[in-house]
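S.K.: The structure follows.
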Amino acid sequence: MAQETLSITDNRTGKQYEIPITSGTINATELRKIKEDPEDFGLMTYDPSFMNTASCRSSITYIDGDKGILRYRGYPIEQLADTCTYLEVAHLLFRNELPTAPQLTDWEGQIKQHSFIHKNIEQLIEGFRYDAHPMGIFISTVAALSTFYPQASKVLDPEVRRQQIRRLIGKVPTIAAFAFRHRLGMAYVYPEDDLGFIENFSSMMFKRGTKKFNPPQTLIRALDTLFILHADHEQNCSTSAMRGVGSSLVDPYSATAAAAAALYGPLHGGANEAVLRMLDQIGDVKNVPDFVKKVKAGEGKLMGFGHRVYKNFDPRATVIKRLADEVFEVTGKNPKLTIALELERIALEDEYFMSRKLYPNVDFYSGLIYQAMGFPVDIFPVLFAIPRTAGWLAHWQEMLIDPEQKIARPRQIYTGHDKRDFVPMNQRH
Ligand code: CMC
Numbered sequence: 090m091a092q093e094t095l096s097i098t099d100n101r102t103g104k105q106y107e108i109p110i111t112s113g114t115i116n117a118t119e120l121r122k123i124k125e126d127p128e129d130f131g132l133m134t135y136d137p138s139f140m141n142t143a144s145c146r147s148s149i150t151y152i153d154g155d156k157g158i159l160r161y162r163g164y165p166i167e168q169l170a171d172t173c174t175y176l177e178v179a180h181l182l183f184r185n186e187l188p189t190a191p192q193l194t195d196w197e198g199q200i201k202q203h204s205f206i207h208k209n210i211e212q213l214i215e216g217f218r219y220d221a222h223p224m225g226i227f228i229s230t231v232a233a234l235s236t237f238y239p240q241a242s243k244v245l246d247p248e249v250r251r252q253q254i255r256r257l258i259g260k261v262p263t264i265a266a267f268a269f270r271h272r273l274g275m276a277y278v279y280p281e282d283d284l285g286f287i288e289n290f291s292s293m294m295f296k297r298g299t300k301k302f303n304p305p306q307t308l309i310r311a312l313d314t315l316f317i318l319h320a321d322h323e324q325n326c327s328t329s330a331m332r333g334v335g336s337s338l339v340d341p342y343s344a345t346a347a348a349a350a351a352l353y354g355p356l357h358g359g360a361n362e363a364v365l366r367m368l369d370q371i372g373d374v375k376n377v378p379d380f381v382k383k384v385k386a387g388e389g390k391l392m393g394f395g396h397r398v399y400k401n402f403d404p405r406a407t408v409i410k411r412l413a414d415e416v417f418e419v420t421g422k423n424p425k426l427t428i429a430l431e432l433e434r435i436a437l438e439d440e441y442f443m444s445r446k447l448y449p450n451v452d453f454y455s456g457l458i459y460q461a462m463g464f465p466v467d468i469f470p471v472l473f474a475i476p477r478t479a480g481w482l483a484h485w486q487e488m489l490i491d492p493e494q495k496i497a498r499p500r501q502i503y504t505g506h507d508k509r510d511f512v513p514m515n516q517r518h
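Numbering (the numbering used here), first residue to last: 90 to 518.
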């Protein structure tokens, strides 16, 4: 039988090493045994941007990038998107199982109970400039929650953890809606007891005066589906930030704020906003070929295309495209859809994009849907952050109870000066 080991010969010393292979990986610390002399630190791996390094074991989300497979706790994303609610999926992410009917009622009740925010948090949001980017408000406000719940620092206590998870899931839609209304100078709308999670968020965003906000069910369902699609995506940039920052045992509000900051960037959750700005910049279908030419010449990227892991198609994009048709039937077609479809058509036939395996990702069409639903462009990253909070916290919890995890602390290859002596100011030039 073939051995599950890797044989390494160090040609510097002629020594041989047997490194065990488990789950298709070798443990990087095993390489430390490989030394030129006993005083050596031992061999390290160099992997900028973590292109080929597993930093944890996780049972939350499975992705096969070549086959375009995405599963939460074993369930295919397409099935969850078709049939579940976001809160059911959040329960699945945290507790490993879909909830029974009584469990779901209980879970929904707990989340609702935590949807209000302290008056002082409201005042904090008031302090931002009228034109502050809602994602900046979101990140800062989530961080500020740690000052309201100091007991959250007891991160090794499972009940304390559960409490903060319910709080964060409950409060992030309220913070998002308040950030949105602040810039419009509109009075805040508080959560209402008789509304579900998505209905409540929509009401807090769009309700005017005392009239109940009653959007078509298709739009509520579409938002629920979009939240499911965005709930988790294993070790992406923001989740890695959550795990890395959380590994210092800081409270989950500070760690979530760090994750949200990572999400804000245009290469990650900020891409949905960037796609809409790109479509605005292109302006007309006739300008698409010129735009593609510029992208190929290295003048900018085709936002909403490409993925570190998916090299065939992004299964979330497939669901979203179908969803777009349903939404546009209610809202009317987003005029930018024609430009997006033409961009996609050209890109999918073009050698540049084909050879680099660049396909539309989750962000290519989600922004068009959000815009058709009435969300302004700069709230898009926040719409990503609300459901991803579930994924971040599920990973945070998993990391804290994993006995193999320690404070995240990568190594480096030092490239600076060798030791040199201090130069007094009057001798420097
Ligand atoms: N447009 C044009 N060229 C691209 C694009 C793009 N969107 N993405 C990658 N490339 C090129 C890149 O220039 C490189 O070309 P070359 O080999 O000639 O240097 C090649 O494709 C490989 O790209 P890479 O930068 O090594 O790939 P990566 O795995 O480091 O980056 C990515 C992945 C998602 C950051 C990148 O594809 C990108 O910037 N896409 C646009 C931003 C975007 O849509 N982000 C949302 C990602 S999905 C939602 C989420 O989970 O955040």
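All C-beta atoms in this analysis are idealised placements derived from N, C-alpha and C, irrespective of residue type, glycine included.
Only a predicted model underlies this, so the values are computations on that prediction, with no experimental measurement involved.
Could you pull the start and end residues of the alpha helix (DSSP H) that Leu378 belongs to?
M.R.: With the sequence shown as reference, residue 378 is identified as Pro, and Leu is not the correct amino acid for it. For Pro378, the enclosing alpha helix (DSSP H) begins and ends at Val377 to Lys385.
S.K.: From Arg101 to Gln324, what distance separates their C-alpha atoms?
M.R.: 36 angstroms
S.K.: Secondary structure at Pro165, three-state DSSP: helix, strand or coil?
M.R.: strand
S.K.: Which residues in the same chain as Lys410 place their Cβ atom closer than 7 angstroms to its Cβ, once the five residues preceding and following it in sequence are excluded?
M.R.: Tyr454
S.K.: If we call anything under 8 angstroms between Cβ atoms a contact, is Pro404 one with Leu169?
M.R.: no
S.K.: Where Ile97 and Glu107 are concerned, what is the direct C-alpha to C-alpha distance, given to the nearest angstrom?
M.R.: Inter-residue distance for Ile97 and Glu107 is about 6 angstroms (C-alpha atoms, whole angstroms).
S.K.: Please state whether the Cβ-Cβ distance between Thr478 and Ile258 is less than 8 angstroms.
M.R.: yes
S.K.: Taking all protein chains shown into account, do 16 or more other C-beta atoms lie within 10 angstroms of the C-beta of Asn450, making it buried, or fewer, making it exposed?
M.R.: buried
S.K.: Please report the straight-line C-alpha distance between Asn329 and Gly463, rounded to a whole angstrom.
M.R.: The sequence as given places Ser at residue 329; Asn does not occur at that position. In a straight line, the C-alpha of Ser329 is about 32 angstroms away from that of Gly463.
S.K.: Could you spell out the range, first to last residue, of the alpha helix (DSSP H) harbouring Ser96?
M.R.: Looking at the DSSP string, Ser96 is not in any alpha helix (DSSP H); the run it does join, the beta strand (DSSP E), is Thr94 to Asp99.
S.K.: How about Ile287 and Val178: do their beta carbons lie closer than 8 angstroms?
M.R.: no
S.K.: Can you find a heavy atom of the ligand CMC that lies under 7 angstroms from the Cβ of Met392?
M.R.: yes
S.K.: Going straight from the alpha carbon of Tyr135 to that of Tyr441, what length do you get?
M.R.: 29 angstroms
S.K.: Roughly how many angstroms lie between the CA atoms of Leu284 and Arg218, to the nearest whole one?
M.R.: 31 angstroms
S.K.: As an exercise, report each continuous beta strand (DSSP E) stretch of at least 3 residues that is fully enclosed by the stretch 335–370, in chain order.
M.R.: Those beta strand (DSSP E) runs which fall completely within the stretch 335–370 and span 3+ residues do not exist here.
S.K.: Across the stretch 232–246 and the stretch 289–300, are there enough close Cβ pairs to call them in contact, namely three or more that are closer than 8 angstroms?
M.R.: no
S.K.: Could you check whether the Cβ of Arg332 sits closer than 7 angstroms to any heavy atom belonging to the ligand CMC?
M.R.: Flag unset: Cβ of Arg332 not near the ligand CMC.
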